[in-house]
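K.L.:
Protein chains: 4
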Amino acid sequence: MSSRRLIIAVNFKTYVEASGDEAVSLAKICDDVAKETGASIVVAPPMPDISRIASIVDIPVFAQHVDDVMPGGTTGYVTLENVKASGARGTLLNHSEHRIKVAEIHDLIERAHQLSLSTIVCTNNTGVSRACAAMGPDYVAIEPPELIGGDISVTTANPKIVSDTVTTIRSVSDEVSVLCGAGVKNGVDVRKAIELGAEGVLLASGVVKAKDKMAVLLDLVSGLDG
Amino acid sequence: MSSRRLIIAVNFKTYVEASGDEAVSLAKICDDVAKETGASIVVAPPMPDISRIASIVDIPVFAQHVDDVMPGGTTGYVTLENVKASGARGTLLNHSEHRIKVAEIHDLIERAHQLSLSTIVCTNNTGVSRACAAMGPDYVAIEPPELIGGDISVTTANPKIVSDTVTTIRSVSDEVSVLCGAGVKNGVDVRKAIELGAEGVLLASGVVKAKDKMAVLLDLVSGLDG
Amino acid sequence: MSSRRLIIAVNFKTYVEASGDEAVSLAKICDDVAKETGASIVVAPPMPDISRIASIVDIPVFAQHVDDVMPGGTTGYVTLENVKASGARGTLLNHSEHRIKVAEIHDLIERAHQLSLSTIVCTNNTGVSRACAAMGPDYVAIEPPELIGGDISVTTANPKIVSDTVTTIRSVSDEVSVLCGAGVKNGVDVRKAIELGAEGVLLASGVVKAKDKMAVLLDLVSGLDG
Amino acid sequence: MSSRRLIIAVNFKTYVEASGDEAVSLAKICDDVAKETGASIVVAPPMPDISRIASIVDIPVFAQHVDDVMPGGTTGYVTLENVKASGARGTLLNHSEHRIKVAEIHDLIERAHQLSLSTIVCTNNTGVSRACAAMGPDYVAIEPPELIGGDISVTTANPKIVSDTVTTIRSVSDEVSVLCGAGVKNGVDVRKAIELGAEGVLLASGVVKAKDKMAVLLDLVSGLDG
Numbered sequence: 000m001s002s003r004r005l006i007i008a009v010n011f012k013t014y015v016e017a018s019g020d021e022a023v024s025l026a027k028i029c030d031d032v033a034k035e036t037g038a039s040i041v042v043a044p045p046m047p048d049i050s051r052i053a054s055i056v057d058i059p060v061f062a063q064h065v066d067d068v069m070p071g072g073t074t075g076y077v078t079l080e081n082v083k084a085s086g087a088r089g090t091l092l093n094h095s096e097h098r099i100k101v102a103e104i105h106d107l108i109e110r111a112h113q114l115s116l117s118t119i120v121c122t123n124n125t126g127v128s129r130a131c132a133a134m135g136p137d138y139v140a141i142e143p144p145e146l147i148g149g150d151i152s153v154t155t156a157n158p159k160i161v162s163d164t165v166t167t168i169r170s171v172s173d174e175v176s177v178l179c180g181a182g183v184k185n186g187v188d189v190r191k192a193i194e195l196g197a198e199g200v201l202l203a204s205g206v207v208k209a210k211d212k213m214a215v216l217l218d219l220v221s222g223l224d225g
Numbered sequence: 000m001s002s003r004r005l006i007i008a009v010n011f012k013t014y015v016e017a018s019g020d021e022a023v024s025l026a027k028i029c030d031d032v033a034k035e036t037g038a039s040i041v042v043a044p045p046m047p048d049i050s051r052i053a054s055i056v057d058i059p060v061f062a063q064h065v066d067d068v069m070p071g072g073t074t075g076y077v078t079l080e081n082v083k084a085s086g087a088r089g090t091l092l093n094h095s096e097h098r099i100k101v102a103e104i105h106d107l108i109e110r111a112h113q114l115s116l117s118t119i120v121c122t123n124n125t126g127v128s129r130a131c132a133a134m135g136p137d138y139v140a141i142e143p144p145e146l147i148g149g150d151i152s153v154t155t156a157n158p159k160i161v162s163d164t165v166t167t168i169r170s171v172s173d174e175v176s177v178l179c180g181a182g183v184k185n186g187v188d189v190r191k192a193i194e195l196g197a198e199g200v201l202l203a204s205g206v207v208k209a210k211d212k213m214a215v216l217l218d219l220v221s222g223l224d225g
Numbered sequence: 000m001s002s003r004r005l006i007i008a009v010n011f012k013t014y015v016e017a018s019g020d021e022a023v024s025l026a027k028i029c030d031d032v033a034k035e036t037g038a039s040i041v042v043a044p045p046m047p048d049i050s051r052i053a054s055i056v057d058i059p060v061f062a063q064h065v066d067d068v069m070p071g072g073t074t075g076y077v078t079l080e081n082v083k084a085s086g087a088r089g090t091l092l093n094h095s096e097h098r099i100k101v102a103e104i105h106d107l108i109e110r111a112h113q114l115s116l117s118t119i120v121c122t123n124n125t126g127v128s129r130a131c132a133a134m135g136p137d138y139v140a141i142e143p144p145e146l147i148g149g150d151i152s153v154t155t156a157n158p159k160i161v162s163d164t165v166t167t168i169r170s171v172s173d174e175v176s177v178l179c180g181a182g183v184k185n186g187v188d189v190r191k192a193i194e195l196g197a198e199g200v201l202l203a204s205g206v207v208k209a210k211d212k213m214a215v216l217l218d219l220v221s222g223l224d225g
Numbered sequence: 000m001s002s003r004r005l006i007i008a009v010n011f012k013t014y015v016e017a018s019g020d021e022a023v024s025l026a027k028i029c030d031d032v033a034k035e036t037g038a039s040i041v042v043a044p045p046m047p048d049i050s051r052i053a054s055i056v057d058i059p060v061f062a063q064h065v066d067d068v069m070p071g072g073t074t075g076y077v078t079l080e081n082v083k084a085s086g087a088r089g090t091l092l093n094h095s096e097h098r099i100k101v102a103e104i105h106d107l108i109e110r111a112h113q114l115s116l117s118t119i120v121c122t123n124n125t126g127v128s129r130a131c132a133a134m135g136p137d138y139v140a141i142e143p144p145e146l147i148g149g150d151i152s153v154t155t156a157n158p159k160i161v162s163d164t165v166t167t168i169r170s171v172s173d174e175v176s177v178l179c180g181a182g183v184k185n186g187v188d189v190r191k192a193i194e195l196g197a198e199g200v201l202l203a204s205g206v207v208k209a210k211d212k213m214a215v216l217l218d219l220v221s222g223l224d225g
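Chains as they are written, first to last, in numbering that gives the first Met the number 0: chain U, 0 to 225; chain R, 0 to 225; chain H, 0 to 225; chain E, 0 to 225.
1) Does the CB of residue 169 (chain U) have a neighbour CB from chain E at under 7 Å?
2) Tell me where the alpha helix (DSSP H) around residue 186 (chain H) begins and ends.
3) Am I right that residue 127 (chain H) and residue 105 (chain R) are in contact with their C-beta atoms under 8 Å? What's the rounded C-beta distance?
4) Looking at the structure shown, is residue 208 (chain R) part of a helix, part of a strand, or coil, going by DSSP?
5) Could you check what DSSP says for residue 108 (chain R) in three-state terms: helix, strand or coil?
6) If contacts are defined as beta-carbon pairs under 8 Å, then residue 133 (chain R) and residue 171 (chain R) qualify, I think. What distance do you get, rounded to the angstrom?
7) Classify residue 214 (chain E) as buried or exposed, calling it buried when 16 or more other Cβ atoms lie within 10 Å of its own Cβ.
8) Can you give me, in chain order, the residues of the region 28-60 of chain R that have a beta carbon less than 7 Å from any beta carbon in chain U?
9) Measuring straight from C-alpha to C-alpha, what distance separates residue 57 (chain U) and residue 21 (chain R)?
10) Which residue marks the beginning of the alpha helix (DSSP H) containing residue 242 (chain U), and which one marks its end?
11) Just the C-alpha distance for residue 142 (chain U) and residue 194 (chain H), rounded to the nearest angstrom, thanks.
12) Would residue 105 (chain H) pass as an interface residue toward chain R - the criterion being a Cβ-Cβ separation below 7 Å?
13) By the criterion of Cβ-Cβ separation under 9 Å, what are the contact partners of residue 98 (chain R) in chain H?
14) For residue 203 (chain R) and residue 125 (chain R), what's the separation of their Cα atoms in angstroms?
15) So is residue 65 (chain E) in contact with chain U if we call contact Cβ pairs under 7 Å?
16) Just to confirm my understanding: we take residue 0 (chain E), look at its own chain, exclude 5 residues before and 5 after, and list those with CB closer than 6 Å. What are they?
17) Kindly say whether residue 180 (chain E), judged by its beta-carbon, lies nearer than 7 Å to any beta-carbon of chain H.
18) Which whole-angstrom value is the C-beta distance of residue 232 (chain R) and residue 92 (chain R), which I expect to be below 8 Å?
19) For a cutoff of 7 Å on Cβ pairs, would you count residue 212 (chain H) as touching chain E?
20) Going by beta carbon distance, what residues of the same chain come within less than 6 Å of residue 119 (chain E), once the five residues before and after it are set aside?
21) At a Cβ cut of 7 Å, what residues of the region 125-147 of chain E count as close to chain U, listed as they run along the chain?
22) Closest Cβ-Cβ distance between residue 123 (chain E) and chain U: below 7 Å?
23) Check the C-beta distance from residue 60 (chain U) over to residue 87 (chain U) and give it rounded, since I have them as a contact under 8 Å.
24) Give the range of the alpha helix (DSSP H) segment to which residue 130 (chain U) is assigned.
25) List the residues of chain E that residue 185 (chain U) touches, going by C-beta distances under 8 Å, in chain order.
26) Where does the unbroken beta strand (DSSP E) through residue 79 (chain E) begin, and where does it stop?
27) Note down the Cα distance separating residue 101 (chain H) from residue 152 (chain R), rounded to an integer number of angstroms.
28) I'd like to confirm the pairing. Which residues does DSSP put opposite residue 43 (chain U) in its beta bridges?
29) Pull up the CB-CB distance for residue 114 (chain H) and residue 83 (chain H), whole angstroms please, since I reckon it's below 8 Å.
30) Measure the C-alpha to C-alpha separation of residue 9 (chain R) and residue 47 (chain R) and round it to an integer number of angstroms.
31) Using a Cβ-Cβ cutoff of less than 6 Å, which residues in the same chain neighbour residue 222 (chain E) once the five nearest sequence positions on both sides are dropped?
32) Report all residues from its chain with a CB closer than 8 Å to the CB of residue 89 (chain U); omit the five preceding and five following residues, and keep chain order.
33) Going straight from the alpha carbon of residue 217 (chain R) to that of residue 210 (chain R), what length do you get?
34) If residue 71 (chain R) sits next to residue 14 (chain U), beta carbons under 8 Å apart, how far is it from one beta carbon to the other, in whole angstroms?
35) Measure from the alpha carbon of residue 181 (chain U) to the alpha carbon of each residue in U:169, U:206 and U:166, then state which is nearest.
36) Going by C-alpha distance, which of H:12, H:160, H:219 and H:179 is nearest residue 81 (chain E)?
Structural data, given as structure tokens:
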């Protein structure tokens, strides 16, 4: 198992129940749980909520996506410089719901590194994971598309894709951390992910749609302890 | 001349000098000028700054763009529901730097209307202006691409495109207001726009890149008085 | 009823059963039926088959789409100049499966006109139909997305959308012809379309997936006779 | 130096001087030179010309791009199945003028392999080359964007990027062949490319814009001989 910091990344997606004031509430719960337990929790709220949440919580706020364009005459796009100025500390890239071009991923990883922003590149299979790891992001998050938003965790439905991804990524890089996602819902799923060689999880509906979000987060965090 | 409310819409684009804390400062100046003068000023800050600015100023905050997707599994996109939840009161659509599909414009105008969000559809010539006006947005903003970011105001360089746009839009709708933009920098340009039949202006660098932003805004506003 | 030439436009889409040699066969059947009956039939085969089919048949060959780019350094895109050089006489634009930007539609209509290429702009509702008609294409083809590929013809399922489209288009242009599509399968559907004010139909699976394609085409053509 | 077959790939782009009848003429010249010299020459004509050229020449015809969609309801897109049915034997992917998503490249390489179509994935730097090679295409073609269409061959202007690409690709795959492109114009450039470890070149304007295309092709081919 890695000695790196294990993380739980919570993607709010664009759910209305995690947008605006509700996004602020959820981010505060994540912040509270992180402070209480010492766990590393990262939140990725809807784009317009980044600045407000970053000004309120201490845990890292990530964008869900950035566009590979430069600041200036790029109305309506979101640049790395914008999210940094708004207080974000990193970004998801190439989420299954927002795939981008390979040259864009490469360029954004390099530019994010220069701006001290972290990158989590999402991937759909081991081949794409290897390709993306070869470009040197901080994290690769493997999420089989057919399991996203479902009830069965990738760690149960397809544990081999997680361990295979760890193996194939290690063949091209020692430095890229591996997350896994899709269907992750509780501490058992998190523990299994770590046993499979992942260094954390990326999840969304498991937290966003939970009635008792704090209880779910505490359970997830419990899985981080060996 | 119309009896409608005349407006000055300030697009911050993604300029670093109008992003994060600087976006907040600029929005506050706009808010101050609006309160002092009674003028209608609308600000369109970088996407991640919307929530923070909307929680601070009283003038309308607009998004620079929204995606024609629904809330939920649309990571990294920006929905109408997101910007509304974050406090925005409207959005630019189809900016020259971010063109969208005709069916998207139609769909977003209808959905924005249901959400009580205003829409400013940007256009590049009289033909596109007429087409977009036919779909019933609140505003059409004509901006000849070759003049955007330049030193000469559209009202000087090509006054005919403004008056022609007003005429052609009136042939398909009595209710769509017309703005003009590209190179607009001062009160004289604003006054000329209104004389040509426009009901306000859309501008960016003229404000964002000004050294004394308050002075520029006060000058622009002075052009609103017949 | 219009005195304009009534047409039947057959979109091969990218069906394998209408690609390569099979595309050539289908185009020849359309050509034969057109010659036999005197009807106007237009074929829109898969992109790579345009040149071969145009060199074999006499009826007009249309592209299913073109990109709004200029000839030269635009590898892998399809320009108006390319399809013209390959023998095409027009193009579909903004098909429901391939929507494009409003400024692109406007630009492509103007450039196609200069190149003497015809344009059929596809639309999804009356609002978008009106907007697109305002830009002056040769045809607007209304196809309600929910009926495309289905078993019930738009002329039966939603005749009002056809007649409303004709009416709204006439409010902005006298020169744009109206086609309708979605679920059109036989001569009765064609006759109904014309009674509703359309000047022809656009169809795909009704011909492409038919066992006896010649029989289906002859039946469709029979509907053109008042 | 590799014992693999060395190739010269000629991208016609969308130049009018290599479209329609002119595309056929150029493809015939390439075919003649290939037959006369025994060299491997691949042609990538404009999309609508694929079927006609493939029915005339014996050398491999490649598409310049394919879309990652399936046959059927994908009007105006170009599928792998379409180009195969039209006689193409492979395709360029991710050309600098037509970048695509990383998951699309992965998917298209796998599906092309199943259809016995070859793939040439274009890349812009060593990092992206390594990532793309990791997904197992037949060829990676490195083309520094700043040199494309220029007068100085990549083999002269930046020989290190070619040799570095070969090295980094070998670190993830023994089976991917490397091409280089940008500014390649003559046999000296081809010979240098091969000395740097490439197994051929990809070029466009050097052939398309040449007055005596046959002479240029014969000169290029001469560089293939050690």
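Ideal placement from N, C-alpha and C gives every residue a C-beta, glycine not left out. Values in this document were obtained by computation on a predicted structure and should not be read as measured data.
P.N.:
Taking the geometry as given:
1) Your numbering for residue 169 (chain U) matches position 170 in the first sequence. Not one chain E Cβ lies under 7 Å of residue 169 (chain U).
2) As a working note, residue 186 (chain H) is residue 187 in the third sequence. From DSSP, the alpha helix (DSSP H) with residue 186 (chain H) extends over 186-194.
3) Position 128 of the third sequence, counted from the start, is the residue given in the question as residue 127 (chain H). Position 106 of the second sequence, counted from the start, is the residue given in the question as residue 105 (chain R). Between residue 105 (chain R) and residue 127 (chain H) the Cβ distance is about 5 Å, and since that is below 8 Å, they are a contact.
4) The residue you call residue 208 (chain R) lines up with position 209 of the second sequence. If DSSP states are grouped into helix, strand and coil, residue 208 (chain R) belongs with coil.
5) Counted from its first residue, the second sequence places residue 108 (chain R) at position 109. The answer is helix: DSSP assigns residue 108 (chain R) an H, G or I state.
6) Taking the second sequence and counting its residues from 1, one reaches residue 133 (chain R) at position 134. Taking the second sequence and counting its residues from 1, one reaches residue 171 (chain R) at position 172. Confirmed, Cβ separation roughly 5 Å.
7) Here residue 214 (chain E) refers to the residue found at position 215 when the fourth sequence is read from its first residue. It counts as exposed.
8) Cβ contacts with chain U: 45, 46, 47, 48, 49, 50, 51 and 54.
9) As a position in the first sequence, residue 57 (chain U) is number 58, starting the count at 1. As a position in the second sequence, residue 21 (chain R) is number 22, starting the count at 1. Those two C-alpha atoms are separated by around 21 Å.
10) Residue 242 (chain U) falls outside the range modelled here, since chain U spans only 0 to 225, and no answer is possible.
11) Walking along the first sequence from the start, residue 142 (chain U) turns up at place 143. Walking along the third sequence from the start, residue 194 (chain H) turns up at place 195. C-alpha separation (whole angstroms): 53 Å.
12) For this step, residue 105 (chain H) is matched to residue 106 along the third sequence. Yes, contact with chain R.
13) Residue numbering aside, residue 98 (chain R) sits at position 99 when the second sequence is read from its first letter. 100, 101, 102 and 103, listed in chain order.
14) On the second sequence, residue 203 (chain R) is found 204 positions in, with the first residue counted as 1. On the second sequence, residue 125 (chain R) is found 126 positions in, with the first residue counted as 1. Between residue 203 (chain R) and residue 125 (chain R), the C-alpha separation is close to 22 Å.
15) In the fourth sequence, residue 65 (chain E) corresponds to position 66, counting from 1. Chain U contact via Cβ: absent.
16) On the fourth sequence, position 1 is the one that residue 0 (chain E) refers to. Because the pLDDT at residue 0 (chain E) is just 38, under 50, the model does not fix this residue reliably, and the value given afterwards should be weighed accordingly. Excluding sequence neighbours, residue 0 (chain E) sits near nothing in its chain.
17) If you number the fourth sequence from 1, residue 180 (chain E) lands on position 181. Output row for residue 180 (chain E): interface = no.
18) Absent from the structure is residue 232 (chain R), since the part of chain R shown begins at 0 and ends at 225.
19) Taking the first residue of the third sequence as position 1, residue 212 (chain H) is located at position 213. Contacts with chain E at 7 Å (Cβ-Cβ) do not include residue 212 (chain H).
20) Residue numbering aside, residue 119 (chain E) sits at position 120 when the fourth sequence is read from its first letter. Hits under 6 Å: 91, 138 and 140.
21) 126, 127, 129, 130, 131, 133 and 134
22) To locate residue 123 (chain E), count along the fourth sequence from 1; it is residue 124. Closer than 7 Å to some Cβ of chain U, the Cβ of residue 123 (chain E) qualifies, so yes.
23) Residue mapping note: residue 60 (chain U) aligns to position 61 of the first sequence, counting from 1. Residue mapping note: residue 87 (chain U) aligns to position 88 of the first sequence, counting from 1. So it is a contact: roughly 5 Å between Cβ atoms.
24) Position 131 of the first sequence, counted from the first residue, corresponds to residue 130 (chain U). Here the alpha helix (DSSP H) through residue 130 (chain U) covers 125-132.
25) Residue numbering aside, residue 185 (chain U) sits at position 186 when the first sequence is read from its first letter. The premise fails here: residue 185 (chain U) is roughly 28 Å from chain E at the closest Cβ pair, so nothing lies under 8 Å.
26) As a working note, residue 79 (chain E) is residue 80 in the fourth sequence. DSSP places residue 79 (chain E) in no beta strand (DSSP E) but in the uninterrupted alpha helix (DSSP H) bounded by 79-84.
27) Counted from its first residue, the third sequence places residue 101 (chain H) at position 102. Counted from its first residue, the second sequence places residue 152 (chain R) at position 153. Cα to Cα, residue 101 (chain H) sits roughly 25 Å from residue 152 (chain R).
28) What you label residue 43 (chain U) is simply residue 44 of the first sequence in a count that begins at 1. BP columns for residue 43 (chain U) point to U:10.
29) Within the third sequence, the letter at position 115 stands for residue 114 (chain H). Within the third sequence, the letter at position 84 stands for residue 83 (chain H). Between residue 83 (chain H) and residue 114 (chain H) the Cβ distance is about 5 Å, and since that is below 8 Å, they are a contact.
30) Within the second sequence, numbered from 1, the residue matching residue 9 (chain R) stands at position 10. Within the second sequence, numbered from 1, the residue matching residue 47 (chain R) stands at position 48. Rounded to whole angstroms, residue 9 (chain R) and residue 47 (chain R) show a C-alpha spacing of 17 Å.
31) To locate residue 222 (chain E), count along the fourth sequence from 1; it is residue 223. Spatial neighbours of residue 222 (chain E) in its own chain (CB-CB distance under 6 Å, excluding positions within 5 residues in sequence) are listed in chain order as 186, 189 and 190.
32) By one-based count along the first sequence, residue 89 (chain U) stands at place 90. 41, 59, 61, 62, 111, 116, 117, 118, 119 and 137.
33) What you label residue 217 (chain R) is simply residue 218 of the second sequence in a count that begins at 1. What you label residue 210 (chain R) is simply residue 211 of the second sequence in a count that begins at 1. Rounded to whole angstroms, residue 217 (chain R) to residue 210 (chain R) spans 13 Å at the Cα level.
34) For the purposes of this step, residue 71 (chain R) is taken as the residue at position 72 of the second sequence. For the purposes of this step, residue 14 (chain U) is taken as the residue at position 15 of the first sequence. Right, their Cβ atoms sit about 6 Å apart.
35) Here the question's residue 181 (chain U) lines up with position 182 in the first sequence. Checked all of U:169, U:206 and U:166; the closest Cα to residue 181 (chain U) is U:206.
36) On the fourth sequence, position 82 is the one that residue 81 (chain E) refers to. Selected option, being the one with the closest Cα: H:12.
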